[in-house]
Structure formats: structure tokens, C-alpha cells
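Visitor: My questions will all concern the structure given below.
Here's what the structure looks like:
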């Protein structure tokens, strides 16, 4: 029996759970690092009152407070807003960010009898190009949000943000051209295998020629 389809579903669920679970800690880490760089107090307010003392745990309760705020926040709209497109815009922006992780290898292949189970949702020969192609779709979500808001200023802001995102993708694409030249492949798993080799028995081969 071929378990590849079932294994892909399991991998997708695990990957999605990891990505969603990392949202809170990464937000906390970004705030703490920004506070250190800017020499100011970072997130330290949200906490729990126990036995008359305020326990903040280095601001680790802030992601929980953010989640509660976002869930209970009122969703106000202009009466002229296209509700379908307006609600669809965030989904269009979020999905490319999640789908790009389909080609990211989270570990070596698992050998179970005669079956080889990859810790990767999709192993594509042009996986790196897939990342750029899918991530570029997020531009449509920003533009659609401005268009659906029925506001000229919002539309101009959406177009401006889209132009910025496109310009960032051009420079990002040029920045990883070196990886293509060094490894001679566009497949992320092959790149990871190349980096796993040691140069001289001790130096990791992180794209060093």
C-alpha cells in the first residue's frame, strides 16, 4: 500500500502546527530584540497576579494578550466596502507565506521498511524558484485590500506597498544567485545535503568554495 499521500497530509498538519505555534514566540523575540537595539524597555506589562505579586516572565504573556486582543477586536468596515474582497485580502496575503514552506526540508528522509518518507511536503527540482513564484502572490492581497476598501487613499497605499514588495523580491532574488552558482541546483533538499558535508573534517560546508 502506498502511504505517500497519507504521509504528505501528516507532514502538512505538522508543518502548519509548527508555523502557527512559532508566531507568538517570534513576535516576542522581535520585540525584545528591538528594545535591546533601541535601548528601551521591551514587553514587560502583561502578566498574571499570583499571591499579590505581578509575574510577567520577561514579557512572555504578551503573545497571549495579543491573541486575546485580536480575537475580541471589533471589525469595523466602511459601508461602501466590498466585504467579500475585503475579507479575502488577508487570506491571499497569508497563504503564500505558509505554502512556501512546502519545499523546506525539516530533516533527513525517514526510511521505514522499503518506503522513504521525506520530511518535506513537496520535493521540487525548481524548489527555490517555487518560493519566489508563490511569495510574489502576496502582492495581490495588499492591492486587493486597498481596492476593496472603497477609498482612494487606501488604494494608493496598497499600490505603493505592492511596488515596495516587488522591489524587495528583485533584490532578494539577486542575493541568492550565489547559492545557485555554488550548488548547481534549485532543489532545497540538495542544497541542505551539500551544506551538511564537512570541509577538512571539521568546517561546515555552508556554501564555501
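Numbering (this note's numbering), first residue to last: 142 to 350. Cβ coordinates follow ideal geometry from the N, Cα and C atoms, glycine included.
Among all the DSSP beta bridges, which residues are the ones paired with residue 257?
Guide: Start at 1 with the first residue of the chain shown, and residue 257 comes out as number 116. DSSP lists 252 as partners of residue 257.
Visitor: Comparing alpha-carbon positions, which option in 269, 253 and 223 lies nearest residue 329?
Guide: Position 188 of the chain shown, counted from the first residue, corresponds to residue 329. When each option's Cα is compared against that of residue 329, the closest is 269.
Visitor: Residue 266 to residue 244, Cα distance in whole Å?
Guide: Here the question's residue 266 lines up with position 125 in the chain shown. Here the question's residue 244 lines up with position 103 in the chain shown. Their backbone Cα atoms lie some 10 Å apart in a straight line.
Visitor: I'd like the span of the alpha helix (DSSP H) that includes residue 167, first residue to last.
Guide: The residue you call residue 167 lines up with position 26 of the chain shown. It spans 145-178 - the alpha helix (DSSP H) in which residue 167 sits, taken as one unbroken run.
Visitor: Could you spell out where the beta strand (DSSP E) holding residue 190 opens and where it closes?
Guide: By one-based count along the chain shown, residue 190 stands at place 49. Counting along the chain, the beta strand (DSSP E) containing residue 190 begins and ends at 189-191.
Visitor: From residue 261 to residue 340, what does the alpha carbon distance come to, in whole angstroms?
Guide: Taking the first residue of the chain shown as 1, we reach residue 261 at position 120. Taking the first residue of the chain shown as 1, we reach residue 340 at position 199. Each residue's Cα considered, the two are about 26 Å apart.
Visitor: Below 6 Å CB to CB, which residues in the same chain sit around residue 198 once its five sequence neighbours on both sides are set aside?
Guide: Here residue 198 is taken as the residue at index 57 of the chain shown, counted from 1. Within the same chain, residue 198 has no close Cβ partners at all.
Visitor: Pick helix, strand or coil for residue 339, following the three-state DSSP scheme.
Guide: Locating residue 339 in the chain shown gives position 198, counting from the first residue. Residue 339: strand per DSSP, three-state reduction.
Visitor: What whole-angstrom Cβ distance do residue 222 and residue 290 have, given they're in contact under 8 Å?
Guide: Working through the chain shown from its first residue, we reach residue 222 at position 81. Working through the chain shown from its first residue, we reach residue 290 at position 149. 6 Å between Cβ atoms; contact.
Visitor: For residue 169, count the other beta carbons within 10 Å of its own beta carbon; 16 or more makes it buried, fewer makes it exposed. Which is it?
Guide: Sequence index remark: in the chain shown, residue 169 carries index 28 (1-based). Result: buried.
Visitor: How far does the alpha helix (DSSP H) with residue 220 in it extend, from its first residue to its last?
Guide: Within the chain shown, the letter at position 79 stands for residue 220. Residue 220 -> no alpha helix (DSSP H), and no H or E assigned at all.
Visitor: Looking only at its own chain, which residues have a Cβ that is under 6 Å from the Cβ of residue 306, when we skip the five neighbours before and after it?
Guide: If you number the chain shown from 1, residue 306 lands on position 165. Result list for residue 306: 280, in chain order.
Visitor: Is residue 334 helix, strand or coil by DSSP?
Guide: For the purposes of this step, residue 334 is taken as the residue at position 193 of the chain shown. Helix.
Visitor: Please identify the residue among 224, 173 and 227 whose C-alpha is closest to the C-alpha of residue 202.
Guide: By one-based count along the chain shown, residue 202 stands at place 61. Closest option to residue 202, Cα to Cα, is 173.
Visitor: Since residue 314 and residue 247 should fall inside the 8 Å C-beta cutoff, what is the C-beta to C-beta distance between them, to a whole number of angstroms?
Guide: Stepping through the chain shown from its first residue, residue 314 is reached at position 173. Stepping through the chain shown from its first residue, residue 247 is reached at position 106. Actually they do not touch by this definition, with Cβ atoms about 24 Å apart.
Visitor: Quick one: what's residue 195 bridged to in DSSP?
Guide: Reading the chain shown from its first residue, position 54 is the one you call residue 195. Note: residue 195 sits in a beta bridge opposite 190.
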